[in-house]
Amino acid sequence: FERCLTHVIEARGRLHDLLAWIRGTASQVRARGTAMDSIQRQNARNRRVPDGVIRRVSNFLSSPMVSALKQSDEVVFEHRHLAECVLGVPLSDFFSDCVATSTEKVAPLASKMPGVRCTLKSALQTSFQICAVLFDKPRDAFTETLYRLDIHFETPHSTIAAHSRIGAGTCADKSGAFEPKTIQPYDNLFARHWMIIVRSVKDTFIEVIAIPGNSRPEFYLQAWLALPDNYAVRNIQFYGDSGNSSLSPNLDIDAVTNEGRQSLGLIVERKEDLPDGSKELHEELWLFNYDEISFKKCDFKLESDKAVSIAAADFSRDQCIRLQTAIAATEDDANVLVTKSRHICTHQSFMVQERSKLNLCASRGIAGVLSFGASTSLDIFDLEEDEEEESGSESGDESFED
Numbered sequence: 012f013e014r015c016l017t018h019v020i021e022a023r024g025r026l027h028d029l030l031a032w033i034r035g036t037a038s039q040v041r042a043r044g045t046a047m048d049s050i051q052r053q054n055a056r057n058r059r060v061p062d063g064v065i066r067r068v069s070n071f072l073s074s075p076m077v078s079a080l081k082q083s084d085e086v087v088f089e090h091r092h093l094a095e096c097v098l099g100v101p102l103s104d105f106f107s108d109c110v111a112t113s114t115e116k117v118a119p120l121a122s123k124m125p126g127v128r129c130t131l132k133s134a135l136q137t138s139f140q141i142c143a144v145l146f147d148k149p150r151d152a153f154t155e156t157l158y159r160l161d162i163h164f165e166t167p168h169s170t171i172a173a174h175s176r177i178g179a180g181t182c183a184d185k186s187g188a189f190e191p192k193t194i195q196p197y198d199n200l201f202a203r204h205w206m207i208i209v210r211s212v213k214d215t216f217i218e219v220i221a222i223p224g225n226s227r228p229e230f231y232l233q234a235w236l237a238l239p240d241n242y243a244v245r246n247i248q249f250y251g252d253s254g255n256s257s258l259s260p261n262l263d264i265d266a267v268t269n270e271g272r273q274s275l276g277l278i279v280e281r282k283e284d285l286p287d288g289s290k291e292l293h294e295e296l297w298l299f300n301y302d303e304i305s306f307k308k309c310d311f312k313l314e315s316d317k318a319v320s321i322a323a324a325d326f327s328r329d330q331c332i333r334l335q336t337a338i339a340a341t342e343d344d345a346n347v348l349v350t351k352s353r354h355i356c357t358h359q360s361f362m363v364q365e366r367s368k369l370n371l372c373a374s375r376g377i378a379g380v381l382s383f384g385a386s387t388s389l390d391i392f393d394l395e396e397d398e399e400e401e402s403g404s405e406s407g408d409e410s411f412e413d
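Here is the structure:
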């Protein structure tokens, strides 16, 4: 097989040199008798092959072809084609009887496939089947070594999003990694992998769950966020480089991790009662950094070897971190997380047929919102505007640029 593969590569190289030489020679013949600045002469100059190509072509055209068959009086070369004779590469010999090797005679391919005619087509089909098994092996091994854990929530949710983060682990430099903050100090929080799950509960509450990426996690971290009155979460997306990105490739050693910017994006909906009794819906895009959230450590409820459940929480505003926009927040609010916000659209409630869709791209620093109402609209926002422009804006909710 290795000798056959070597001949295939050699034939490809010789065919490339031969076609380049023919193409260049044909251009030179076509350029004869034309003006010095003609397009034919320009093409001939561009297609002129190096001297090394000419030497290689003349070498294999003048050299006799060495057969891969074991020489005997019964050897017949009628099976060879003109192409391999010109290139001097006996590929068809490998599909015949008596393939010569340095030590012994190897059985032909046809003898290993009873009832199958040994042709180039059948050989390629067999090679394809062998390669499929070969390249599926790593995927099968990964599936066998992958530990799957089913997570059940006792409290239902309307919207959910998941994200991977890379922790510092035992690395001394924790500046570029995810290091969750806790209400009370706990041990064994130095995980290398974290799975972040954010879901909306009862539309006005947001539950943030951080699960360490151990083979069998025994605990999880939990935090609760609350939206202002008359606000509801319609979509959740993470803004930032995933923990599986190329920014942190050396996860098995104590390498410095650099995750880049990490934030959480929300599409929120605010209801407003109009004088005529109808309701008007205002959609806004909120973006905030969730690394400063303080978590509470909780233990999993084991349902089976591969299933755990997260207990229902008592969602009360006294135990939640309140989300507010910059224009509504005050300096006296200690338990408030300030968010950037941007107005997306306003429409009547009866016109809404589908929830708005959100897509955040951290590499480009933009957000795309597809909203549905009387008409479908696509808004693109710049999420990485200059700090000077942000601090100099008069309105706190105009934090993004179109």
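Residues in the sequence shown are numbered from 12 upward in steps of one, following the numbering used here.
From the three backbone atoms N, C-alpha and C, an ideal C-beta is built for every residue, glycine too.
No experiment lies behind these values; they were computed from the predicted model shown.
Handout entry: Beta-carbon proximity of TRP205 to ARG159, cut-off 8 Å
Key = Residue 205 sits at position 194 when you count from the first residue of the sequence shown. Residue 159 sits at position 148 when you count from the first residue of the sequence shown. Not closer than 8 Å, so no.
Problem - Length of the line joining the Cα atoms of THR357 and ASN269 - result: Looking up residue 357 in the sequence shown gives position 346. Looking up residue 269 in the sequence shown gives position 258. Looking at the two C-alpha atoms, the distance is approximately 39 Å.
Handout entry: GLU398 (DSSP reduced to helix, strand or coil)
Key = Along the sequence shown, read from residue 1 onward, the residue named residue 398 stands at position 387. Annotation note: pLDDT 44 at GLU398 (below 50); position unreliable, coordinate value reported separately. Three-state result, GLU398: helix.
Exercise for the section: State yes or no: is the C-beta of GLY187 within less than 8 Å of the C-beta of PHE201? Expected result: Counting from one through the sequence shown, the residue named residue 187 turns up at place 176. Counting from one through the sequence shown, the residue named residue 201 turns up at place 190. Not closer than 8 Å, so no.
Problem - Range covered by the alpha helix (DSSP H) that runs through ASN70 - result: As a working note, residue 70 is residue 59 in the sequence shown. Per DSSP, ASN70 belongs to the alpha helix (DSSP H) from 62 to 73.
Handout entry: Given HIS163 as reference, the closest of PHE311, LYS282, GLY288 and GLU303 once Cα atoms are compared
Key = Indexing the sequence shown from 1 puts residue 163 at position 152. Of PHE311, LYS282, GLY288 and GLU303, the residue nearest in Cα terms is PHE311.
Exercise for the section: State the Cα-Cα distance for the pair VAL209 and ASP240, rounded to the nearest angstrom. Expected result: Locating residue 209 in the sequence shown gives position 198, where the first residue counts as 1. Locating residue 240 in the sequence shown gives position 229, where the first residue counts as 1. When rounded, the distance between both Cα atoms is 20 Å.
Problem - CA-to-CA distance, ILE220 to ASP324, given in whole angstroms - result: Locating residue 324 in the sequence shown gives position 313, counting from the first residue. Locating residue 220 in the sequence shown gives position 209, counting from the first residue. Rather than Asp, the amino acid found at residue 324 in this sequence is Ala. Each residue's Cα considered, the two are about 12 Å apart.
Problem - Nearest candidate by alpha-carbon position, reference LEU275, set ILE355, GLY180, PRO223 and CYS372 - result: Within the sequence shown, residue 275 is the residue found at index 264, counting from 1. With distances taken between Cα atoms, LEU275 lies closest to CYS372.
Practice task
Please state whether DSSP places ASP28 in a helix, a strand or coil.
Solution key: Residue mapping note: residue 28 aligns to position 17 of the sequence shown, counting from 1. Three-state result, ASP28: helix.
Exercise for the section: Kindly indicate which three-state DSSP category GLU165 falls into: helix, strand or coil? Expected result: Numbered from its first residue, the sequence shown carries residue 165 at position 154. Coil, per DSSP.
Handout entry: Helix, strand or coil at ILE194 according to DSSP, with G and I counted as helix
Key = On the sequence shown, residue 194 is found 183 positions in, with the first residue counted as 1. If DSSP states are grouped into helix, strand and coil, ILE194 belongs with coil.
Handout entry: Cβ contact check for the segment 301 to 319 and the segment 230 to 250: 3 or more pairs under 8 Å
Key = yes
Practice task
From the DSSP output, in three-state form, read off CYS182 for me.
Solution key: As a working note, residue 182 is residue 171 in the sequence shown. Note: CYS182 maps to coil in three-state DSSP.
Practice task
Find the nearest neighbour of ARG353 within the set ARG67, ASN199 and ALA378, judged by alpha-carbon distance.
Solution key: Along the sequence shown, read from residue 1 onward, the residue named residue 353 stands at position 342. Residue ALA378 is the option with its Cα nearest to ARG353.
Practice task
Along the alpha helix (DSSP H) that carries VAL56, what are the first and last residues, could you check?
Solution key: What you label residue 56 is simply residue 45 of the sequence shown in a count that begins at 1. Note that residue 56 is Arg in the sequence shown, not Val. It spans 50 to 57 - the alpha helix (DSSP H) in which ARG56 sits, taken as one unbroken run.
Handout entry: Per DSSP, the bridge partner or partners of LYS368
Key = The residue you call residue 368 lines up with position 357 of the sequence shown. In the DSSP output, where bridge partners are listed per residue, LYS368 has LEU381.
Practice task
Give the DSSP-derived three-state secondary structure of PHE299 in the structure shown.
Solution key: What you label residue 299 is simply residue 288 of the sequence shown in a count that begins at 1. Correct three-state label for PHE299: strand.
Practice task
Enumerate in chain order the residues of its own chain whose CB-to-CB distance from ARG281 is below 6 Å, with the five nearest sequence positions on each side excluded.
Solution key: Translated into positions along the sequence shown, residue 281 becomes position 270. Excluding sequence neighbours, ARG281 sits near ASN241, TYR242 and HIS293.
Exercise for the section: Give the straight-line distance between the Cα atoms of ILE20 and ALA318, rounded to the nearest whole angstrom. Expected result: In the sequence shown, residue 20 corresponds to position 9, counting from 1. In the sequence shown, residue 318 corresponds to position 307, counting from 1. Spanning the two alpha carbons is a distance of roughly 52 Å.
Problem - Residue closest to VAL380, alpha-carbon to alpha-carbon, out of GLN330, GLU303, ASP287 and ARG245 - result: Taking the first residue of the sequence shown as position 1, residue 380 is located at position 369. Here the closest residue by C-alpha is ARG245.
Problem - Beta carbon of THR336 nearer than 8 Å to that of LEU298 - result: Numbered from its first residue, the sequence shown carries residue 336 at position 325. Numbered from its first residue, the sequence shown carries residue 298 at position 287. The answer is no: Cβ separation not under 8 Å.
Exercise for the section: Could you tell me how far apart the beta carbons of ILE304 and ILE332 are, in whole angstroms, since I believe they sit closer than 8 Å? Expected result: In the sequence shown, residue 304 corresponds to position 293, counting from 1. In the sequence shown, residue 332 corresponds to position 321, counting from 1. 6 Å between Cβ atoms; contact.
Problem - Cβ separation of LEU207 and HIS174, assumed to be a contact under 8 Å, to the nearest whole Å - result: By 1-based counting over the sequence shown, the position of residue 207 is 196. By 1-based counting over the sequence shown, the position of residue 174 is 163. The sequence as given places Ile at residue 207; Leu does not occur at that position. Indeed they touch by this definition, with Cβ atoms about 5 Å apart.
Problem - Buried or exposed by the 16-neighbour rule on C-beta atoms within 10 Å, applied to GLN136 - result: Numbered from its first residue, the sequence shown carries residue 136 at position 125. Its Cβ having fewer than 16 others within 10 Å, GLN136 is exposed.
Problem - Pick from ILE355, THR45 and PHE71 that is closest to ASP28, judged by C-alpha positions - result: Position 17 of the sequence shown, counted from the start, is the residue given in the question as residue 28. Among ILE355, THR45 and PHE71, the Cα nearest to that of ASP28 belongs to PHE71.
Problem - Continuous beta strand (DSSP E) stretch holding ASP310: start and end - result: Translated into the one-based positions of the sequence shown, residue 310 becomes position 299. ASP310 -> beta strand (DSSP E) spans 305 to 310.
Problem - Beta-bridge partners of TYR242, as assigned by DSSP - result: Within the sequence shown, numbered from 1, the residue matching residue 242 stands at position 231. Paired residues: ARG281.
Handout entry: Environment of VAL40 [buried if 16+ CB atoms lie within 10 Å]
Key = What you label residue 40 is simply residue 29 of the sequence shown in a count that begins at 1. Label assigned to VAL40: exposed.
Exercise for the section: Indicate whether PHE392 and LEU296 have their beta-carbon atoms separated by less than 8 Å. Expected result: Counted from its first residue, the sequence shown places residue 392 at position 381. Counted from its first residue, the sequence shown places residue 296 at position 285. Result yes, Cβ atoms of PHE392 and LEU296 sit closer than 8 Å.
Exercise for the section: Would you kindly check if the distance between the Cβ of ALA55 and the Cβ of SER38 is under 8 Å? Expected result: Taking the sequence shown and counting its residues from 1, the one referred to as residue 38 is at position 27. Taking the sequence shown and counting its residues from 1, the one referred to as residue 55 is at position 44. Yes, Cβ-Cβ distance for SER38 and ALA55 is below 8 Å.
Practice task
Evaluate GLN248 with the Cβ neighbour count: other Cβ atoms within 10 Å of its Cβ, from every protein chain shown; 16 or more gives buried, anything less gives exposed.
Solution key: Against the sequence shown, residue 248 aligns to sequence position 237. Flag for GLN248 reads buried.
Exercise for the section: Using three-state DSSP, classify THR114 as helix, strand or coil. Expected result: Residue numbering aside, residue 114 sits at position 103 when the sequence shown is read from its first letter. Confidence is the limiting factor: at THR114 the pLDDT is only 43, short of 50, which leaves the residue's position unreliable, though a coordinate-based value still follows. Coil, per DSSP.
Problem - CYS109 - DSSP class collapsed to helix/strand/coil - result: Position 98 of the sequence shown, counted from the start, is the residue given in the question as residue 109. Any reading at CYS109 is ruled out, since the residue's pLDDT is 48, under 50, leaving its predicted position unreliable.
Exercise for the section: Can you tell me which of the three DSSP states ILE391 falls into? Expected result: Within the sequence shown, the letter at position 380 stands for residue 391. Three-state result, ILE391: strand.
Problem - Among ARG59, ARG43, GLY35 and ILE65, the one whose alpha carbon lies nearest that of ARG25 - result: Residue numbering aside, residue 25 sits at position 14 when the sequence shown is read from its first letter. It is ILE65 whose Cα lies nearest to the Cα of ARG25.
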